[in-house]
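Worksheet: one structure, shown below.
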Amino acid sequence: MMIHQDKDKESSFYKSNYDHLADELKKLDLLIQQQVMAFRLRTQVMQEAVASQKMYISHEEVDWMLNMNGSFVGDHPELQKLRKRLETLQNQISARVTESMRKGVFLALPQLAHFFALSPFELQTVIICLAPELQRKYDKLYAYVQDDITRKKPSVDLVLDLLCGDTQADRWTARTIFSDHAPLFRAGILHTADDLQSPSGSSDLARFLKLDPRILNYLLGNNNIDGRLIGIAQVYGQPTSIDHILVDSLIKTRLLNLTKHHFSMQNPGKKRLVLHFHGPCGVGKRELALGICGQLNCPLLCLDMELLLAHESDFETSLRLAFREGLLLQAALYLDNTDILLKDDDKMKAFVKKMAKVIGEYGWLTFLAGEKSWSPKGVFERVVFHTVKLPVPDMPLRLTAWEKALGNLSVDTKKEFAAQLANQFRLTPGQIGDAAEFAENYRASKNRQEEISLPDLYTACRNQSNQKLSEMAVKIESHYSWKDIILPEKKLSQLRDICSQVKHRYRVFGEWGFDQKLSYGKGLSVLFTGPPGTGKTMAAEVIAHELQLDLYKIDLSVVVSKYIGETEKNLSKIFQEAETSNAILFFDEADALFGKRTEVSDAHDRYANIETSYLLQKMEEYEGMVILATNLRENMDEAFTRRIRFIIEFPFPDETSRSKIWQSHFPKEAPLGDEIDYEFLSKQFQVAGGNIKNIVLNAAFLAAENGGVIGMQHILDGTRREFEKIGKLWDEKNLYKLKLS
């Protein structure tokens, strides 16, 4: 008795998906048997009615088809028995499906119906199209029922015959499920094909139906990604702990609260959820999406919007395939590089509308990722759209990222390097990982066996900086160090203070809380003033070399425009690119652009003041270092000087300083004559360091041409040429005396 109860209990649900498919095929066999019996009964009556026909289509046959309604066939006792068997089997299947779903057994057909809101009629249509893919016998059965040996595939007419019989009203109503916009075809579950044996054409009833290959695989339990998406999509199925993702904890908490509430049982009428993440490259957008999916225990299907748009003519089809894949995998969708959709043209606007429509139909959780912010008003009507800015992480998170990336180093070295790099470079976790890998490869290319060095890592960090800034500025390779610059000690001390503020930025703003006191102006603005050639550019290079940061010299001819609004656009682009470049911006001869604001006497004056105010705004928003250099401080507007953190005046070098400058410009490898008198040169020629550099270089080339050793005569000839160039008086008699000396 106990054994019987166990068997009954087991038979109350399906153990597997295949058991359920087997029962559905049994039901289909009964449907076909019913159709075969009806077909034979009709054929028998017709043969009796037209037994004496002499033509291929006789008059009697036509009269019979026009007059018989087939009702007597439906009343036949054998057909009634089949219907009862069908009804009994259907009730058993329904009960077992319900119990199986309650027990968590995966059944593909009910899941498919749930995902795409298929009616029982539509689901049975899928089964009719599935059968020939499982057993060849259905080829012959379908050909027999359709009374045509060439029609082995299921057709619209066959489906209607099997599921509606001779009830014309039901057949006509059911035709709607075969329209192009019906669920079966809109979701690409079924496809249609014309009857090639009837080239002259026929009605839509004759169209063949074929099950989509991806749907076939799904129904058979093979849930691998659709082959048409390989190359543009990737599935991440391994759950990711959101605790280990290097994103601000407050952002993570808010997003978890939002998603948990949205998908909770207390929110039964929930709409689709779209989360738009925007921020710099490598900030952790995809990792955050994976963390959220980990909490929801679902995979993430990632696609590149640029690759999707590469097939513009088939964009919507590819997008539908992707979102259908999301339903089949029960995965959230992640669309990367969505900035391409923000272009202000009609084509992109149309693409956005198509995307919003597909998300509204099939998306349940969709992530959109890009670098720019987005507020798509009026586009997403049936979804909850929530945008989240992911900034470059603060110092503690960068420190953690560096310690993780430098895992192969010793503990002490790792902590030391991580602290310096995290403070020096505002890189995203992705950039930090790439920088560490670059440094390792760089070390390997040099065939060095020792550990990665700090200079290697500095080079790698600069390599990660945004290179687009080079389109608007000139990158200066910083070769000068403290030993190369000759300035009064007080000025050198100020330059070191500037470097110190960069090095201890986090301690003051982060640990000591000054960040909370300032909404803007947290960057470092510096003004260098003084005559030409006094070392302003060299000082900028020394700072960049000390801090191991890139130095970009802004070309004012590119920035300033005579067209209204263009100068502001150029400035905005420069500062925007600088945010992700970890660079020092160096505006040389800045008074040309940032001079005194004029009195407003006409529209041009008013606009010049607008440019000035805009620059002030961008400098205060920028959190990096900006160095302005001017030859004439009196031309600088007080509005600038009062908001600048450091102002350093570069004096014209005195005799002692000039002597040091003369000596510093000769490399140790240069062949120098014993007769060179630096004190004499510094005393006789009152020129700035920039001029001395030119003189030394000219002398070197003169020596290379005749003699190969740099002597006093070469230096004097170089001096004369520099004087002629700058328009300074050169006395030939004085030159003669100097030669004699």
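For the sequence shown, the working numbering gives the first residue as 16, with consecutive numbering after it.
All residues carry an ideal CB built from backbone N, CA and C; glycine is no exception.
Quick caveat: nothing in here was measured; it's all calculated off a predicted structure.
Continuous beta strand (DSSP E) stretch holding residue i: start and end
i, result
"Met487", "No beta strand (DSSP E) holds Met487; DSSP gives it neither H nor E."
"Gly545", "Careful: Gly545 lies outside any beta strand (DSSP E) and carries neither H nor E."
"Arg658", "First-last for Arg658: undefined, no H or E at that position."
"Ile230", "Note, Ile230: premise wrong, no beta strand (DSSP E); alpha helix (DSSP H) at 228-234."
"Phe602", "598-602"
"Gly385", "380-385"
"Lys568", "565-569"
"Ile374", "Looking at the DSSP string, Ile374 is not in any beta strand (DSSP E); the run it does join, the alpha helix (DSSP H), is 361-377."
"Val250", "248-251"
Close beta carbons around residue i, own chain, < 6 Å, minus the five adjacent residues each side
i, result
"Leu231", "Glu148"
"Phe87", "Confidence in Phe87 is poor, its pLDDT being 49 and thus under 50, which makes the residue's placement unreliable; the coordinate value appears in the next sentence. Taken in chain order, the list of residues that qualify is empty."
"Lys267", "Ile257"
"Leu46", "Leu177"
"Arg477", "Asp565"
"Asp351", "Asp319, Ala384"
"Thr165", "Gln212"
"Ser26", "none"
"Ile108", "Asp38"
Residue range of the unbroken alpha helix (DSSP H) whose run includes residue i
i, result
"Leu127", "123-131"
"Ser672", "670-679"
"Glu418", "410-420"
"Phe738", "727-741"
"Gly528", "First-last for Gly528: undefined, no H or E at that position."
"Phe716", "704-720"
"Gln139", "135-149"
"Leu350", "Per DSSP, Leu350 belongs to no alpha helix (DSSP H); it is in the beta strand (DSSP E), 347-351."
"Thr552", "551-562"
"Lys698", "693-699"
"Thr582", "581-594"
Cα-Cα separation between residue i and residue j, rounded to whole angstroms
i, j, result
"Ser697", "Lys675", "9 Å"
"Thr113", "Lys30", "13 Å"
"Tyr33", "Gln479", "53 Å"
"Asp565", "Val407", "18 Å"
"Glu594", "Thr582", "19 Å"
"Gln310", "Pro254", "8 Å"
"Asp523", "Leu424", "It is worth fixing the name first, because residue 523 is Val in this sequence and not Asp. Answer to the nearest angstrom: the Cα atoms are 29 Å apart."
"Asn721", "Pro686", "13 Å"
"Leu122", "His206", "23 Å"
"Asp689", "Gly726", "8 Å"
"Phe716", "Gln435", "42 Å"
"Arg736", "Ile710", "8 Å"
"Arg335", "His326", "13 Å"
"Gln50", "Thr103", "18 Å"
"His91", "Lys369", "52 Å"
"Phe366", "Leu133", "28 Å"
"Ile691", "Asp530", "55 Å"
"Gly448", "Trp417", "8 Å"
"Trp187", "Val120", "37 Å"
8 Å CB neighbourhood of residue i in its chain, flanking five on each side removed
i, result
"Ser390", "Thr402"
"Leu744", "Phe738"
"Lys286", "Arg397, Val398, Val399"
"Glu556", "Ile491, Ser493, His494, Tyr495, Leu566"
"Ser279", "none"
Rounded distance between the beta-carbons of residue j and residue i, thought under 8 Å
i, j, result
"Ile491", "Lys588", "Incorrect: roughly 20 Å between the Cβ atoms, too far for contact."
"Leu472", "Ala450", "7 Å"
"Arg269", "Ala384", "The pair is not a contact, with the Cβ atoms about 17 Å apart (cut-off 8 Å)."
"Glu15", "Thr428", "An answer regarding residue 15 cannot be provided, because it is not within the stretch 16 to 756 covered by the chain."
"Gly705", "Gly545", "Wrong, their Cβ atoms sit about 11 Å apart, outside the cutoff."
"Ala337", "Cys313", "Actually they are not in contact, since the Cβ atoms of Ala337 and Cys313 sit about 15 Å apart, beyond 8 Å."
"Val762", "Phe193", "The structure shown does not extend to residue 762, since the chain is modelled only from 16 through 756, so no value can be given for it."
"Ile662", "Lys506", "Not a contact, Cβ separation roughly 11 Å."
"Leu342", "Phe130", "4 Å"
"Lys551", "Phe543", "4 Å"
"Asp432", "Val289", "Contrary to the premise, residue 432 reads as Phe rather than Asp in this sequence. In fact, because the Cβ distance is near 40 Å, the residues do not count as touching under 8 Å."
Cβ shell of residue i (< 7 Å), same chain only, five flanking positions each side left out
i, result
"Ile240", "Ala248, Val250, Glu340"
"Lys118", "Phe28"
"Ala618", "Below a pLDDT of 50, predicted positions are generally treated as unreliable, and Ala618, at 46, falls in that range; no measurement from the model is reported."
"Lys708", "His680"
"Arg660", "Leu539, Ser540, Val541"
Cβ-heavy atom distance, residue i to the ligand MG, below 6 Å
i, result
"Asn713", "Absent from the structure shown: the ligand MG. Ligands present: none."
To test your reading of the DSSP string, which unbroken beta strand (DSSP E) runs of 3 or more residues are found completely within the segment 446-515? Along the segment 446-515, the beta strand (DSSP E) occurs as fully enclosed runs of 3 or more residues at 488-491, listed in sequence order.
Kindly provide the ranges of any beta strand (DSSP E) runs that are 3 or more residues long and lie completely inside the segment 278-332, ordered along the chain. 287-293, 315-319
Complete alpha helix (DSSP H) runs within the segment 182-211 (minimum length 4 residues, chain order): 183-189, 198-201
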